[in-house]
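Just so you know, our numbering puts 1175 at position 200 of the sequence shown, and the rest follows in order with no gaps.
Before any comments, here is the structure.
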Amino acid sequence: MRLILVPTPIGNLEDITLRALRVLKEADAVAAEDTRRSRVLLEHYGIRTRLVRLDQHTLGRLPALFSRYPTLAYVTDAGTPGISDPGAELVAWVLARGGRVEALPGPTAFVPALVASGFDVRRFAFEGFLPRKGRERRERLARIRADDRPTVLYESPHRLPATLAELAELFGPDHPVAVARELTKRHEEVYRGPLLGALQRFEKPRGEFVLVVPPAAPEPPDEAALVEALRARGLSGRDLAEALTRAGVPRNRAYRLALK
Ligand code: SAM
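See below:
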């Protein structure tokens, strides 16, 4: 049982590696989330490997599929299988039964959005799709607001305005965002500007979207409360000033407050 995850283009059919094409050609079968969509790709490259349907509702077919096709290449609708699509469930299924899983590197939507955003992306958080509603959504948004890394989100066009509005409420309307739309396709664009501007720009959005939201500036410490709490713990003078500095108060100011 050998499963090979094969990333496929997120728009532009040229975005596929030579290795991916060879693996698709040589596999016993190609399992696809949507066979109609994947057939276009295979036909474009003259690949005649057998194409079978496999999504989260048809995982029950896996034992039969593997006994017939021991090496299965897996493709999802677009991008890297396992990133916000049914790929991860399939990987878990195969690993749990002692099978072999290989993953080819290749296209995925969030990387070009992230690196084109213009934000400091040395560290980042990938959140994929937000929970749709309720407490889970509110809690996830609160965690994103508290994160000190830029966050990457996937969003469908019809939910985009609501999500941008919620982000504007949470971070403030002037907070920056990058909205990457239709990456690698004819109408590709990247909006970089305040959340309020994004709301205006994408009032009736069409296409596929990735959002990159940089972290909020850290809240300045409540200095008076901090001094009081540290004095209550018996700190004074130089010790107090050093503790204030460690809590983020600029050194000069920390000494002034401590010696007052
Ligand atoms: N596995 C895919 C990947 O590696 O990126 C993601 C699959 S997820 C079901 C589909 C979402 O990816 C879309 O709703 C959109 O947020 C994002 N996406 C896919 N293609 C895109 C594109 N060309 N431009 C912008 N976003 C895209």
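Each residue gets a CB set at the ideal place from its N, CA and C atoms; glycine is no exception.
None of these values were measured; they are calculated from a predicted model.
Is residue i a contact residue of the ligand SAM, with contact defined as CB to any heavy atom under 6 angstroms?
i       : result
Asp1060 : yes
Glu1081 : This sequence places Gly at residue 1081; Glu is not what is there. For the ligand SAM, not one heavy atom lies less than 6 angstroms from the Cβ of Gly1081.
Leu1142 : no
Gly1109 : no
Tyr1238 : Absent from the structure is residue 1238, since the part of the chain shown begins at 976 and ends at 1235.
Gly1073 : no
Leu1157 : The amino acid at residue 1157 is misidentified as Leu; the sequence shows Glu. Yes; taking the cut-off as 6 angstroms, the Cβ of Glu1157 has a heavy atom of the ligand SAM nearer than that.
Glu1183 : yes
Ala1084 : yes
Gly986  : yes
Thr1055 : yes
Can you tell which of the options has its C-alpha closest to the C-alpha of residue i?
i       : options                               : result
Asp1003 : Leu1047, Arg1097, Ser1131 and Ile979  : Leu1047
Ala1191 : Arg1120, Thr983 and Leu1026           : Arg1120
Leu1170 : Arg1115, Pro984 and Leu1145           : Leu1145
Arg1072 : Met976, Arg1028 and Arg1134           : Met976
Gly1182 : Glu1198, Pro1196 and Val1165          : Val1165
Pro1106 : Leu1116, Leu1079 and Ala1229          : Leu1116
Gly986  : His1162, Ala1143, Leu996 and Lys1108  : His1162
Thr1159 : Pro1193, Phe1041, Pro1082 and Asp1197 : Pro1082
Glu1157 : Glu1130, Pro1196, His1150 and Arg1098 : Glu1130
His1032 : Gly1054, Arg1124, Leu1065 and Leu1070 : Leu1065
Gly1223 : Pro1196, Leu1232 and Leu1234          : Pro1196
Pro1045 : Leu993, Arg1113, Phe1094 and Val1069  : Val1069
Asp1030 : Val1090, Leu1040 and Pro1225          : Leu1040
Gly1172 : Pro1148, Glu1001, Lys1179 and Lys1108 : Pro1148
Thr992  : Pro1080, Arg1012, Ile1058 and Gly1021 : Pro1080
Are residue i and residue j closer than 7 angstroms when you measure CB to CB?
i       : j       : result
Asp1009 : Asp1060 : no
Leu1201 : Leu1215 : no
Val1185 : Ala1088 : yes
Leu1016 : Val1076 : no
Pro1038 : Tyr1049 : no
Ala1153 : Ser1211 : no
Val1005 : Thr983  : no
Ala1155 : Asp1122 : no
Leu1026 : Ala995  : no
Leu988  : His1019 : yes
Thr1220 : Ala1207 : no
Arg1098 : Arg1124 : yes
Ala1078 : Gly1054 : no
Report, in whole angstroms, the separation of the C-beta atoms of residue i and residue j, which I expect to be a contact under 8 angstroms.
i       : j       : result
Leu1174 : Pro1136 : 7 angstroms
Glu1141 : Thr1126 : In fact, because the Cβ distance is near 13 angstroms, the residues do not count as touching under 8 angstroms.
Phe1177 : Leu1139 : 7 angstroms
Leu1239 : Gly1062 : The chain is shown from 976 up to 1235; residue 1239 falls before or after that span and cannot be answered.
Pro1151 : Gly1168 : 7 angstroms
Leu1232 : Glu1198 : 6 angstroms
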